[in-house]
Every structure is written in C-alpha cells, then in structure tokens.
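Visitor:
In the numbering used here, the protein residues as written are 9 to 316.
(1) Should residue 300 and residue 25 be called a contact, given that it needs their Cβ atoms to be closer than 8 Å?
(2) Report the three-state DSSP secondary structure of residue 295 (helix, strand or coil).
(3) Figure out for me which residue from 134, 165 and 162 has the closest Cα to the Cα of residue 150.
(4) Can you name, in chain order, every residue of its own chain whose Cβ lies under 7 Å from the Cβ of residue 178, other than the five neighbours on each side?
(5) Helix, strand or coil: which one does DSSP assign to residue 315?
(6) Would the beta-carbon of residue 248 be found less than 7 Å away from any heavy atom of the ligand ZN?
(7) State whether the region 238-256 contacts the region 25-38, with contact taken as three or more CB pairs (one from each stretch) at a distance under 8 Å.
(8) Taking the beta carbon of residue 288 as the centre, do at least 16 other beta carbons fall within 10 Å, making it buried, or is it exposed?
(9) May I ask you to report which of helix, strand or coil DSSP gives residue 309?
(10) Please determine, among 155, 44 and 233, the residue with the shortest C-alpha to C-alpha distance to residue 50.
(11) Rounded to whole angstroms, what is the Cα-Cα separation between residue 311 and residue 245?
(12) Between 73, 209, 125 and 260, which has its C-alpha nearest residue 35's C-alpha?
(13) For residue 109, count neighbouring C-beta atoms within 10 Å of its own C-beta (all shown protein chains included) and say buried if the count is 16 or more, exposed if not.
(14) For a test of the three-state rule: what should DSSP assign to residue 97, helix, strand or coil?
(15) Please check the pair residue 273 and residue 265, which I expect to be a contact at CB under 8 Å, by giving their CB distance rounded to whole angstroms.
(16) For residue 270, does the count of other Cβ atoms within 10 angstroms reach 16, so buried, or fall short, so exposed?
Set out below in structure tokens:
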C-alpha cells in the first residue's frame, strides 16, 4: 500500500469519525443527562437529511439546506420530547425502548408518505466541490475536508458549552442530581427539552452533511444509530470527550480495517477469498474494539465522568 493511499484512508476514517461524533454527542447527552434510551435518534438524522434535500431542491442553496436540517430536526425533537419522551423519564428502560422504537416506525412511514419511497439527492455546493492538493501532492475531496473541519468546530463548541457556560453547568448538574437543581429553581422540564432539541439538531446536521455524499432515503439513520451506540459505549456514556474519542476510534478502525485486512489475508489466501474474508472480518472489528475496551474498562474510556 502506498503512503498516499494510507493517508487518504486515514482522512476518510477521520471524516467518518467526526460525522459519527455528531450523532453520538447528541445521543450521549440525552442518555447521560436524562437517562433515556432513545432509539429514535437515527430518525432525527433522517429528518435532517430529508429537510436539507428538500430545501436545497427548492432554493438551490446549501446553506439554507443546513439551516432547514437543523431547524427541522430540532423542531421534531421538541415535539416528540413534549408529546412522548417526557412521559418516559421515570419509566423502565424496556418501556423507553418500545416507545422510541414505535417512533422509528412513525417517522419512517411519515417520511415515506411525504417524500415517497425513492431516494433524494443533495448536491455538494460548488464552493466545496472538487479535490484540493495537500502536502505531498495528495489529492483529496475538499468537501470531505470541510466535514472534518465542521466536526472539529462542533466538538470545540460543545466542550465550551458544557464547561464554560451556565447552561453547561446546569446540564452537568442535571446529570448528577436532577432533584437538587430543580430545588434550586432550574426548570428541569425546559432544560430537558433544550438538551433533547440540541441532540436532535446535531443528528439532523450530521444527516444533512452526509446526505451530500450518499443518497437520502428512508431508514438511513438506523445503521448510523447502531454505530453511535457503539461509540458512546466505547467512550463512556455521558461524556462528550468520550463520544469524540470513541467516534474517531470507530471511524478509523472501520475504514482502515476494510483496507488492511484483505491485504494481510492475501499472504495466506487467494486474492478473491482474502477480499471476501477480509470484508467480513472488517465489519466485526468495531465490535471487537468495543469488547476489548469493556473488558479493560467496563464503564468505557471516560465513563462515570460528567459531560466533558
């Protein structure tokens, strides 16, 4: 494998990881602060992607498409939090799973009813289209570099929000002792709605950004949701830092594993058999990684810490 190809795959892994972080950050905030298992988080990712595709088709503006994705996902998050989720905070986890799974079906059929069953497509904006030349003469898509930049900016913004603002202090306190901050005058219902809307908006943003490099279709959020759960388990539930590190580990492991394993197996197998076996093993690597982390540290890399 050439050095150029290796660097390109590392960048691909980073891009996948930071987009996965946008999903995992919202999920870990919701689970860590509210104690809620939200299987419908992937549906909010899908809502953001469809809203962006529809807005881009109507206006021709990618910036407005991102605004539409953030707004639609946040609004959907507020609606389901007020109408459904608010009744589940003290319910057993099984009830939370069943209720949010039902929301997946509602969102899927509702999206199919509004947009139809055929995929939509969101074009990369002209300003970010084409490759850019990196040091060493490496040609890499500018849009994918922009996705890495967006993910890093969002990660820094979330760290600032949780560590340097009054709202972040309330979020951290709400994770540790919701009764106490309620007694101190914080409206816990409004705080939970705000946290849920923030998590939903992050998922919608991820859906919109990824929608420009793959088709936008019903059910696109569920595979990403599984990876997001793996990410927060590796990083530690309730930790923004853990979500970020976990997302990068998952992104790099998944991307590089798919490249290296078939090459390694060619030493002992025919190329076609090595490619098939390597692809099968590569899909298992992130779960092997999760198992190894949990054996070493059952709470995840940063588990038990405040959102940080």
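The C-beta atom is built at its ideal place from N, Cα and C for all residues, glycine as well. Predicted model, so just to flag it, every value in this text is computed and none were measured.
Guide: The relevant details are as follows:
(1) Here residue 300 refers to the residue found at position 292 when the chain shown is read from its first residue. Here residue 25 refers to the residue found at position 17 when the chain shown is read from its first residue. No, they are not a contact pair.
(2) Translated into the one-based positions of the chain shown, residue 295 becomes position 287. Residue state, collapsed to three classes: helix.
(3) Counted from its first residue, the chain shown places residue 150 at position 142. Comparing Cα-Cα distances from residue 150 to each of 134, 165 and 162, the minimum goes to 134.
(4) The residue labelled residue 178 in the question sits at position 170 within the chain shown. Once the five neighbours on either side are set aside, the close Cβ partners of residue 178 are 189, 194 and 199.
(5) As a working mapping, residue 315 is identified with position 307 in the chain shown. Caution applies to residue 315, whose pLDDT of 41 falls short of 50 and renders its modelled position unreliable; the model cannot decide the point.
(6) In terms of ligand content, the structure shown is empty, and the ligand ZN therefore cannot be addressed.
(7) yes
(8) One-based indexing of the chain shown puts residue 288 at position 280. The residue in question, residue 288, is exposed, as its Cβ has fewer than 16 Cβ neighbours within 10 Å.
(9) The residue you call residue 309 lines up with position 301 of the chain shown. Note: residue 309 maps to coil in three-state DSSP.
(10) For the purposes of this step, residue 50 is taken as residue 42 along the chain shown, with counting starting at 1. Closest by alpha carbon: 233.
(11) If you number the chain shown from 1, residue 311 lands on position 303. If you number the chain shown from 1, residue 245 lands on position 237. When rounded, the distance between both Cα atoms is 6 Å.
(12) As a first step, residue 35 must be located in the chain shown, where it is residue number 27. With distances taken between Cα atoms, residue 35 lies closest to 209.
(13) The sequence position of residue 109 within the chain shown is 101, counting from 1. Residue 109 should be labelled exposed.
(14) For the purposes of this step, residue 97 is identified with residue 89 of the chain shown, where counting begins at 1. Residue 97: coil per DSSP, three-state reduction.
(15) The sequence position of residue 273 within the chain shown is 265, counting from 1. The sequence position of residue 265 within the chain shown is 257, counting from 1. Their Cβ separation, rounded to whole angstroms, is 12 Å, which puts residue 273 and residue 265 out of contact at 8 Å.
(16) To locate residue 270, count along the chain shown from 1; it is residue 262. When all chains shown are included, residue 270 counts as buried.
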